[in-house]
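Residue numbers (our numbering): 0 to 123.
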């Protein structure tokens with residue numbers, strides 16, 4: 000699961016492996032394969048923590064905007080509704096790319112954030 004979640008990238012692979020060793024999936028109900036969202040959530044929290052140390056935060060609005068951006072795929076300043084300063088801050092992050100539809104989160108981080116969001120707020 001760590002390799003699949005990481006998409007071949009060393010940082011998320013190392014973070015996911017650390018979560019497995021720490022027992023994150025085993026602590027969740029069901030078998031380890033039933034909790035990829037729990038692992039993705041821990042990995043994305045670590046990624047966000049590293050981003051916090053690298054760049055000044057905008058009161059949590061950047062975290063919310065990044066999760067939204069990962070979930071919808073791509074978005075412009077209007078979609079993110081956090082203001083131009085958050086849009087510009089996200090555009091400067093290495094895991095975000097500029098595209099024809101605005102900003103988009105690069106893989107495998109987009110998938111990790113989307114999986115973590117779905118785990119935190121299941122549709123059922």
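C-beta atoms are modelled at their ideal positions from N, C-alpha and C, and glycine is treated no differently.
Asked: Which residues mark the beginning and the end of the beta strand (DSSP E) in which residue 96 is found?; Found: 95-98
Asked: Per DSSP, residue 85 forms a beta bridge with which residues?; Found: Paired residue(s): none; residue 85 is not in a bridge.
Asked: In angstroms with no decimal places, state the Cα-to-Cα distance between residue 74 and residue 11.; Found: 24 Å
Asked: Kindly indicate the opening and closing residues of the beta strand (DSSP E) around residue 103.; Found: 101-104
Asked: Taking residue 114 as the reference, give the member of 8, 70, 85, 81 with the closest Cα.; Found: 70
Asked: In three-state terms, what does DSSP make of residue 22?; Found: coil
Asked: Could you check what DSSP says for residue 36 in three-state terms: helix, strand or coil?; Found: helix
Asked: Pull up the DSSP beta-bridge partners for residue 72, would you.; Found: Paired residues: none, contrary to the question.
Asked: Alpha carbon to alpha carbon, how far is residue 31 from residue 49?; Found: Legend: pLDDT at residue 31 = 46, less than 50; position of this residue unreliable, no value from coordinates given.
Asked: Judging by CA-CA distance, which residue of 76, 53, 111 is the nearest neighbour of residue 125?; Found: Absent from the model: residue 125. The displayed extent of the chain is 0 to 123, so no value can be given.
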